[in-house]
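Undergrad: Residue numbers (our numbering): 650 to 915.
The structure follows.
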Ligand SMILES: NC(=O)c1ccc[n+]([C@@H]2O[C@H](COP(=O)([O-])OP(=O)(O)OC[C@H]3O[C@@H](n4cnc5c(N)ncnc54)[C@H](OP(=O)(O)O)[C@@H]3O)[C@@H](O)[C@H]2O)c1
């Protein structure tokens, strides 16, 4: 039996981004009416884009009006605590019934204390702060923590490969997961009962960051000089100790090697 709020539209924030576009595609296939929030000029692409800015708050009340569920994927490399506050306040006013939020593995385990930590790893603390905004909102919620997306790591590797010298933070590892697999789980959560903080999900294998770049270079037949870099601070130490990994939840099936093979061929 479907939930009553599923007869109402679902709003996807960040629905134009890497994760959000996959979420929107899957939701459209599942049946509900979907609205996509963008802070740019809304495109008339048949998907139902609405314009609203989570930084200024402009247009957000209208975007959430009449919505049953919000899947919140808008964010930036700095995190999205302030944007989440704005969204949650508007969702409260509109009587939204379910907030679904994408967080990051390590949000609760990477200590961000000093200035150095904040500069390099403030993202983790900001994601945990955004989680807290949902937890204290009074609105039923589901929060999923995922590891870094393979497609995001590929974009980073592409960027680093533009330079002849590649900085290689020693000891830091990543467990990249295919963005489509995260999107599938978010859609499952959005179409179900609010579930609180659910089991986190990570990719099938963890790699040193240097291995990720080296494998990308090998797949694209290039060589670069690596400069080992030991990052100072407590957050970097936690990352070296694996705080951003989830070996017990290595549920991703699609592999980094598979993505590299298709990227090298494209
Ligand atoms: N990338 C990763 O490896 C990773 C891993 C775990 C969790 N996450 C989380 O997953 C989420 C999505 O990540 P992503 O990589 O898909 O991000 P992305 O591709 O950079 O997309 C960011 C989205 O945020 C929206 N946005 C930015 N500023 C906005 C504003 N002021 N108002 C409204 N919308 C705004 C953008 O939409 P418009 O520009 O159209 O407004 C865009 O759709 C983020 O919360 C991120 O923290 C990411």
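Ideal Cβ placement from N, Cα and C applies to all residues, glycine included.
On a predicted model such as this, the values are computed, not experimentally measured, just so you know.
1. Closer than 8 Å to a non-hydrogen atom of ligand 1 - does that hold for the CB of residue 666?
2. May I have the straight-line CA-CA distance separating residue 801 from residue 785, to the nearest angstrom?
3. Report the rounded CA-to-CA distance for residue 673 versus residue 684, giving the unit in angstroms.
4. Between residue 790 and residue 783, which are expected to be in contact by the criterion C-beta below 8 Å, what is the C-beta distance as a whole number of angstroms?
5. Heavy atom of ligand 1 less than 8 Å from the Cβ of residue 702, yes or no?
6. What are the start and end residues of the alpha helix (DSSP H) that includes residue 752?
7. Tell me whether residue 689 counts as near ligand 1, meaning its Cβ is closer than 8 Å to at least one heavy atom of that ligand.
8. For residue 803, tell me which candidate among 704, 702, 654 and 863 has the shortest Cα-Cα distance.
9. Opposite residue 850 in the DSSP bridges: which residues?
10. Looking only at its chain, what residues have a beta carbon closer than 8 Å to the beta carbon of residue 711, apart from the 5 residues adjacent to it on each side?
11. Give the straight-line distance between the Cα atoms of residue 926 and residue 868, rounded to the nearest whole angstrom.
12. Express the C-alpha separation of residue 774 and residue 708 in angstroms, rounding to a whole number.
13. Can you give, in chain order, each stretch of the beta strand (DSSP E) that sits fully within the stretch 808-887 and has at least 3 residues?
TA: In short:
1. yes
2. 30 Å
3. 9 Å
4. 4 Å
5. yes
6. Segment 747-753 is the beta strand (DSSP E) holding residue 752; no alpha helix (DSSP H) there.
7. yes
8. 863
9. Its beta-bridge partners are 795.
10. 699 and 701
11. In the structure displayed, the chain extends from 650 to 915; residue 926 sits before or after that span and is not available.
12. 27 Å
13. 814-818 and 874-878
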